[in-house]
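Here is the structure we will look at, set down as structure tokens.
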Amino acid sequence: MEEMEEELKCPVCGSFYREPIILPCSHNLCQACARNILVQTPESESPQSRRASGSGVSDYDYLDLDKMSLYSEADSGYGSYGGFASAPTTPCQKSPNGVRVFPPAMPPPPTHLSPALAPVPRNSCITCPQCHRSLILDDRGLRGFPKNRVLEGVIDRYQQSKAAALKCQLCEKAPKEATVMCEQCDVFYCDPCRLRCHPPRGPLAKHRLVPPAQGRVSRRLSPRKVSTCTDHELENHSMYCVQCKMPVCYQCLEEGKHSSHEVKALGAMWKLHKSQLSQALNGLSDRAKEAKEFLVQLRTMVQQIQENSVEFEACLVAQCDALIDALNRRKAQLLARVNKEHEHKLKVVRDQISHCTVKLRQTTGLMEYCLEVIKENDPSGFLQISDALIRRVHLTEDQWGKGTLTPRMTTDFDLSLDNSPLLQSIHQLDFVQVKASSPVPATPILQLEECCTHNNSATLSWKQPPLSTIAADGYILELDDGSGGQFREVYVGKETMCTVDGLHFNSTYNARVKAFNKTGVSPYSKTLVLQTSEGR
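In terms of the UniProt record's numbering, the numbers along the sequence shown are unbroken and rise by one, the last being 536.
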């Protein structure tokens with residue numbers, strides 16, 4: 001019942017309604033709050049002046065919103081009457097419910113009368129704080145509005161249901177929580193005190209014991225207030241005007257404005273409207289049930305999104321790690337090629353150094369030998385070896401001149417890594433949106449309230465989840481063999497209800513259903529357990 005609490009609070013004061021009255025727009029106000037938001041109107045807009053001018057208006061004449069600037073989203077928070085330039089602007093307020101309301105232009109004179117009997121300023125206007133429709137009050141003032149007795153009763157029951165637990169009235173020290181109340185004794189008892197002071201024997205055996213909450217209601221419940229006519233305060237409502245859609249008394253039918261209207265018995269219309277409200281509530285109950293199922297579906301989606309996010313992140317990390325591993329392996333291969341080229345160049349240069357060093361040592365030895373020979377003063381001895389030495393010197397010189405002094409290897413590496421295609425691919429690395437052309441339908445929901453068994457037959461009903469946008473081409477209903485064996489198909493078609501005959505008596509069957517379309521089949525629904533009747 002906690003969801004109903006906002007329906008029981010006044011939009012002006014934010015508290016539970018006190019002496020609520022019904023406005024013509026069907027909204028409710030506390031009688032004191034209605035008096036607080038009255039606004040005086042000029043004489044030209046009063047009902048009397050309109051009647052005098054010959055314009056036919058009702059007692060509750062709605063003002064156009066362009067005439068009355070009592071509420072505006074674009075204003076600076078002030079309301080004033082547009083046709084009354086001399087009236088001072090009045091700052092608006094916000095109720096605890098967040099509705100903007102307008103206090104009276106001037107404080108009402110002090111009075112010792114109740115809000116219902118206190119005089120209302122002449123030519124007063126009231127604006128509904130919920131729908132912002134304005135109307136001018138007639139001579140009856142706020143007494144012209146019917147009191148909402150039903151709302152008062154609902155609030156009273158709601159407050160009683162939320163009140164603190166009742167205590168035993170016979171406990172001497174620490175009173176315990178009462179468990180029963182005797183309607184005849186009008187006393188609340190706990191279990192020990194009831195057994196000791198109110199034994200179920202003798203004259204006390206005829207006393208009626210009720211739960212504490214019910215006893216409190218019966219104790220405090222006053223006789224039902226009979227609503228009286230707003231036009232004839234001494235008369236009770238006895239009929240219902242179909243045209244005006246309101247209860248009326250017999251004087252309204254004889255001499256009032258309802259004399260020519262169609263009327264019906266108050267009790268018959270009461271039952272009819274109760275039936276209509278019950279039917280409307282059935283439809284609203286179905287919508288609320290679908291909304292609850294939809295909320296369950298959304299909460300399941302939240303959990304699935306979180307699980308899928310963790311799984312997707314792990315997959316993304318694994319894919320990026322695989323790319324990094326592949327790049328590291330390729331890096332190792334390229335470094336191996338660089339090292340191989342490096343060793344090859346060093347080997348060639350070192351071999352050339354070794355060869356050139358040996359040849360240079362031989363040349364230097366030949367040169368030193370020739371210089372020593374030139375120092376000899378023996379002509380005959382010199383001429384004996386000079387020709388051979390000259391030939392050796394020329395031969396050695398020719399050997400140095402055949403590219404021996406040119407490096408066989410360059411210092412530069414003739415390798416260049418072309419990484420631009422890979423960098424471009426990395427920059428273009430992105431997600432691909434996977435769009436299924438026609439996804440599979442959602443899992444059907446078995447409607448437990450419509451599934452039943454009769455003798456050796458079973459009727460099953462199912463439906464698509466609320467707000468499901470994926471159409472199903474058909475459904476497949478499966479049952480097991482009644483002994484916990486394998487499932488078998490018993491129905492394939494577009495219908496959402498199926499009766500299966502020829503089952504075994506006194507057997508327990510498991511049933512499930514799934515939907516299908518051109519793309520594939522949905523997951524199975526929850527398994528439903530069915531028990532057939534015992535054999536005749």
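From the three backbone atoms N, C-alpha and C, an ideal C-beta is built for every residue, glycine too.
Distance check for residue j and residue i, CA to CA, integer angstroms please.
i    : j    : result
Y524 : V513 : 6 angstroms
H504 : F294 : 37 angstroms
K345 : K402 : 21 angstroms
Q304 : L298 : 10 angstroms
T396 : G381 : 23 angstroms
E5   : H27  : 16 angstroms
C193 : R201 : 15 angstroms
M383 : L415 : The displayed chain sequence assigns Leu, not Met, to residue 383. Near 58 angstroms, if we compare the C-alpha coordinates of L415 and L383.
A336 : S386 : 56 angstroms
Q276 : S134 : 30 angstroms
Q486 : E311 : 33 angstroms
I155 : P11  : 15 angstroms
T519 : N308 : 22 angstroms
V242 : F145 : 19 angstroms
Q169 : E177 : 9 angstroms
H237 : L23  : 18 angstroms
T499 : M181 : 51 angstroms
A322 : Q333 : 17 angstroms
Q214 : Q159 : 13 angstroms
L423 : D412 : 26 angstroms
By the three-class DSSP mapping on this structure, what secondary structure does residue i have?
i    : result
K375 : coil
Q184 : coil
F145 : coil
Q306 : helix
K347 : helix
E235 : coil
T300 : helix
S49  : A caution first: S49 carries a pLDDT of 48, below 50, which makes its placement in the model unreliable, though a value can still be read off. Reduced to three states, the DSSP call for S49 is helix.
N339 : helix
E368 : helix
K518 : coil
S124 : strand
T496 : coil
Y17  : coil
P203 : helix
L209 : strand
E534 : coil
A322 : helix
V242 : coil
R330 : helix
A511 : strand
T363 : helix
K289 : helix
K9   : strand
T230 : coil
Within 10 angstroms of the Cβ of residue i, are there 16 or more other Cβ atoms? Answer buried if so, exposed if not.
i    : result
C356 : exposed
L316 : exposed
W462 : buried
I353 : exposed
L234 : exposed
P247 : buried
P407 : exposed
L142 : buried
T532 : buried
P211 : exposed
H258 : buried
N36  : buried
Which residue comes first and which comes last in the alpha helix (DSSP H) that contains residue i?
i    : result
P192 : 191-197
C252 : 250-255
What first and last residue would you give for the beta strand (DSSP E) that runs through residue i?
i    : result
Q169 : That residue, Q169, is in no beta strand (DSSP E); it is neither H nor E in DSSP.
E489 : 488-493
Y29  : Note on identity: in this sequence residue 29 is Leu, with Tyr being the wrong assignment. 28-30 is the extent of the beta strand (DSSP E) around L29.
V263 : 263-265
N20  : Per the sequence shown, residue 20 should be read as Pro rather than Asn. Here the beta strand (DSSP E) through P20 covers 20-22.
Q531 : 528-531
S134 : 134-136
With hydrogens ignored, establish whether the beta-carbon of residue i is closer than 7 angstroms to any heavy atom of the ligand SAH.
i    : result
Q399 : The ligand SAH is not among the ligands present in this structure, which contains no ligands whatsoever.
Query raised in the report: Enumerated in chain order, which unbroken segments of the alpha helix (DSSP H) with a length of 4 residues or greater are wholly contained in the region 403-486?
Result: 420-427, all fully within the region 403-486.
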